[in-house]
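Enquirer: Per full-length UniProt numbering, the very first residue in the sequence shown carries number 1; after that it's consecutive. Just so you know, even glycine gets a beta-carbon here, dropped at the ideal spot from N, CA and C. One structure is given below, represented as structure tokens, and several questions about it will come after.
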Amino acid sequence: MTDSPYKALEPATLADRLGSISAIRERTGDPARWSVREVGDGNLNLVFIIDGPDGSVIVKQALPYVRLVGESWPLPLKRAFFEYNALIRQAERDPGSVPEVYHFDETQALIVMEFLTPHVILRKSLMEGRTHPDLGKVLGEFCARTLFRGSDLSMPTARRKADLALFAGNVELCDITENLVFSDPYFAAPLNRHTPALDPVVTMLRADTDLKITAQHLKMAFANNAETLLHGDLHTGSVMVSDSQTRVIDPEFATYGPMGFDIGMLIANFLMAYFAQDGHAEAPGARAQYKEWILSVVDAIWSHFSAEFTRLWRTERSGILYQASLFEDQGHGLAAEKARLERLAAIWRDTLGFCGIEMHRRTLGLAHIAEYDRIEDEALRAACEARGLMLGRVLAVGRAEITSMAEVLDLARKIN
Ligand code: ADP
Ligand code: MG
Ligand code: MG
Ligand code: MG
1 MTDSPYKALE PATLADRLGS ISAIRERTGD PARWSVREVG DGNLNLVFII
51 DGPDGSVIVK QALPYVRLVG ESWPLPLKRA FFEYNALIRQ AERDPGSVPE
101 VYHFDETQAL IVMEFLTPHV ILRKSLMEGR THPDLGKVLG EFCARTLFRG
151 SDLSMPTARR KADLALFAGN VELCDITENL VFSDPYFAAP LNRHTPALDP
201 VVTMLRADTD LKITAQHLKM AFANNAETLL HGDLHTGSVM VSDSQTRVID
251 PEFATYGPMG FDIGMLIANF LMAYFAQDGH AEAPGARAQY KEWILSVVDA
301 IWSHFSAEFT RLWRTERSGI LYQASLFEDQ GHGLAAEKAR LERLAAIWRD
351 TLGFCGIEMH RRTLGLAHIA EYDRIEDEAL RAACEARGLM LGRVLAVGRA
401 EITSMAEVLD LARKIN
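This is how it looks when you write it as structure tokens:
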């Protein structure tokens, strides 16, 4: 199969095409007894579940275009190569955080991986009002471990530079982020849409030149500050959860960028889920406790991120930056701690900035979130969305003045 030209998979042909691959057979058993289901909830790629007599696997294949839009929006197959390369690095840097990869075929742009079950997409779970233990801890530690260990704080610099070059090839997916996240929300771009009742707020935001400057400063940071290997698309639709486990999927947008990008995007999606709860409440006020749980997850993401970043700073600072030879070895251990706090403060500011911008683009741009979209009452939906827009503006423009997560959560409660 590796030598034949690329061809999109179909459920009916899947056993013929993949049945001879031993890494798959080992886990599923006899291909003659496979049954294949297509998963329909992703936007970009084909995803199939193979159920065999001995077990199940996931097959994810890129298409030469965006699945949801069709051939009119071409997108390179090479995104599967970036996703595969990101998955194996994330598995190394935070073992157990991502599905195990069983097989990769670059020509066919396909990845065969562990089937996560009984996991569901976190976004769905947040709409249903379900809680998950350790969610913020796992996600905060995932961010700290992958971001720290993919950077010059930790990696041999030749390896980091090779990875920087490798992931710099992910041009088209970065281009999507650069346009859809940082620019389109702030003018009447052709792909945009928003709830009509938001018109007055949208007019105000698009006239806000400080906000536009902020968004462009953040775009510059995303495009130019190659601090570490990012997941690149770390929202609640890229997290799968069960009652006891949290896993991260779908890193095809992986690229070198600023640490705050992943954390900010992730936190933004929780805050929007928070604002959307009133649209999903079984009765007015019924989700009050659940809303506080969502905020507690946001709090835990940052506190576990910073605690784990601190631990890694103290125990794994083996790269070319802030070397112990300059600090601890000279009796300047306190200065190494001061440097750490300064780095964390810079990541914090970026985090708030990216968080704010993400809340804008998910409400005004092309890609919206189900938590808002599924609120049928338009006035109620607009009210929820407007809170996210206003908080996003305050966080992005005010990112240098907001100094703690408690302040962020308080702003979210106040605006509500
Ligand atoms: P896309 O890049 O098109 O968004 P995703 O990687 O997000 O594709 O996968 C689409 C959907 O397939 C996910 O929302 C999830 O429901 C399912 N899925 C993907 N990977 C797995 C996995 N390893 N285990 C179980 N389900 C998965
Ligand atoms: Mg996805
Ligand atoms: Mg873990
Ligand atoms: Mg994807």
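Is DSSP giving Met220 helix, strand or coil here?
Expert: Helix at Met220.
Enquirer: Over the uninterrupted beta strand (DSSP E) stretch that includes Arg37, give me the two end residues.
Expert: Its beta strand (DSSP E) spans residues Ser35 to Val39.
Enquirer: Check the C-beta distance from Pro258 over to Phe222 and give it rounded, since I have them as a contact under 8 Å.
Expert: Contact flag correct, Cβ pair sits at about 7 Å.
Enquirer: Rounded to whole angstroms, how far is the Cβ of Val394 from the Cβ of Asp210, which I believe are closer than 8 Å?
Expert: That belief does not hold up - the Cβ atoms of Val394 and Asp210 are roughly 12 Å apart, past 8 Å.
Enquirer: Please give the ranges of any beta strand (DSSP E) in the stretch 165-241, keeping only runs that are unbroken, at least 3 residues long and fully inside the region.
Expert: You should have 228-230 and 239-241.
Enquirer: So the beta strand (DSSP E) Ser56 belongs to, where does it begin and stop?
Expert: Its beta strand (DSSP E) spans residues Ser56 to Gln61.
Enquirer: DSSP state of Gly70, grouped into three classes?
Expert: Here Gly70 sits in strand by DSSP.
Enquirer: Using the Cα positions of Leu266 and Leu234, report the straight-line distance between them to the nearest angstrom.
Expert: The straight-line gap from Cα to Cα measures roughly 6 Å.
Enquirer: Take Ser325 and list the residues in its own chain whose beta-carbon comes closer than 8 Å to its own, dropping the five residues that flank it on each side.
Expert: Nothing meets the Cβ criterion.
Enquirer: So, does the stretch 19-33 touch the stretch 49-59, judging by three or more C-beta pairs under 8 Å?
Expert: Cβ pair count under 8 Å is three or more, so yes.
Enquirer: With C-beta atoms as the reference, is Ile347 less than 7 Å away from Gly260?
Expert: Yes, these two residues count as a Cβ contact at 7 Å.
Enquirer: Using 10 angstroms around the beta-carbon of Glu316, count the other beta-carbons present and answer buried if the total reaches 16, otherwise exposed.
Expert: Exposed, since its Cβ has fewer than 16 Cβ neighbours within 10 Å.
Enquirer: I believe Ile249 touches Ser242 by the beta-carbon criterion, under 8 Å. Please report the beta-carbon distance rounded to the nearest angstrom.
Expert: Their Cβ separation, rounded to whole angstroms, is 13 Å, which puts Ile249 and Ser242 out of contact at 8 Å.
Enquirer: By how many angstroms is the C-alpha of Leu180 removed from the C-alpha of Gly365?
Expert: Answer to the nearest angstrom: the Cα atoms are 6 Å apart.
Enquirer: Would residue 498 be called buried (16 or more neighbouring beta carbons within 10 Å of its own) or exposed?
Expert: The question about residue 498 has no answer here: the residues shown for the chain are numbered 1 through 416.
Enquirer: Quick check on DSSP: helix, strand or coil for Asp134?
Expert: Of the three classes helix, strand and coil, the one that applies to Asp134 here is coil, per DSSP.
Enquirer: So, at 8 Å on beta carbons, what are the nonlocal neighbours of Ala8 in its own chain, with the 5 sequence-adjacent residues on each side left out?
Expert: Result list for Ala8: Leu46, Gln61 and Leu63, in chain order.
Enquirer: By Cβ distance below 8 Å, which residues in the same chain neighbour Gly319 in space, the five residues on each side in sequence not counted?
Expert: Here the set comprises Ser151, Asp152, Leu153, Ser154, Met155, Pro156, Thr157 and Arg160.
Enquirer: Going along the chain, which residues put their C-beta within less than 5 Å of some heavy atom in ligand 2?
Expert: Result (chain order): Gly42 and Asp250.
Enquirer: Figure out for me which residue from Ile301, Ser303 and Leu271 has the closest Cα to the Cα of Tyr290.
Expert: When each option's Cα is compared against that of Tyr290, the closest is Leu271.
Enquirer: Alpha carbon to alpha carbon, what distance is there between Gly232 and Glu328?
Expert: Straight-line Cα distance between these residues: approximately 34 Å.
Enquirer: Should Leu87 be labelled buried (16 or more other beta-carbon atoms within 10 Å of its own) or exposed?
Expert: Result: buried.
Enquirer: Nearest-angstrom Cα distance between Cys143 and Ile263?
Expert: When rounded, the distance between both Cα atoms is 7 Å.
Enquirer: So, at 6 Å on beta carbons, what are the nonlocal neighbours of Phe275 in its own chain, with the 5 sequence-adjacent residues on each side left out?
Expert: Hits under 6 Å: Cys384, Arg387 and Gly388.
Enquirer: Within the same chain, show all residues whose beta-carbon is closer than 8 Å to that of Pro5, passing over the 5 residues directly before and after it, in chain order.
Expert: These residues qualify, in order along the chain: Thr107.
Enquirer: Given the structure, does Val47 come close to ligand 1, in the sense that its CB is under 6 Å from one of the ligand's heavy atoms?
Expert: Checking the Cβ of Val47 against ligand 1 gives yes.
Enquirer: According to DSSP, simplified to helix, strand and coil, what is Glu342?
Expert: DSSP places Glu342 in helix when its eight states are reduced to three.
Enquirer: For the alpha helix (DSSP H) containing His304, name the first residue and the last one.
Expert: Run containing His304: Ala288 to Thr315, per the alpha helix (DSSP H) assignment.
Enquirer: Within 10 angstroms of its Cβ, does Ser125 collect 16 or more other Cβ (buried), or is it exposed?
Expert: Per the 10 Å Cβ criterion, buried.
Enquirer: What is the rounded straight-line gap between the Cα of Met405 and the Cα of Trp34?
Expert: Distance between the alpha carbons of Met405 and Trp34: 49 Å.
Enquirer: Between Phe48 and Pro11, how many whole angstroms is the CB-CB distance? I'm expecting something under 8 Å.
Expert: The pair is a contact, with the Cβ atoms about 7 Å apart (cut-off 8 Å).
Enquirer: Between Glu407 and Asp16, what straight-line distance do the alpha-carbon atoms span, to the nearest angstrom?
Expert: Approximately 57 Å, taken between the alpha carbons.
Enquirer: Which parts of the stretch 78-107 are runs of the alpha helix (DSSP H), unbroken and 4 residues or longer, counting only runs that do not cross its ends?
Expert: Counting whole runs of 4 or more residues, the stretch 78-107 contains the alpha helix (DSSP H) stretches 79-93.
Enquirer: Is there a Cβ of chain C sitting closer than 7 Å to that of Phe354, yes or no?
Expert: Within the model displayed, chain C is absent; a lone protein chain is all it includes.
Enquirer: Would you report the Cα separation of Arg374 and Leu191, rounded to the nearest angstrom?
Expert: Rounded to the nearest angstrom, the two C-alpha atoms are 20 Å apart.
Enquirer: Which value, in whole angstroms, describes the spacing of the CA atoms of Val66 and Arg311?
Expert: Cα to Cα, the separation comes out at about 40 Å.
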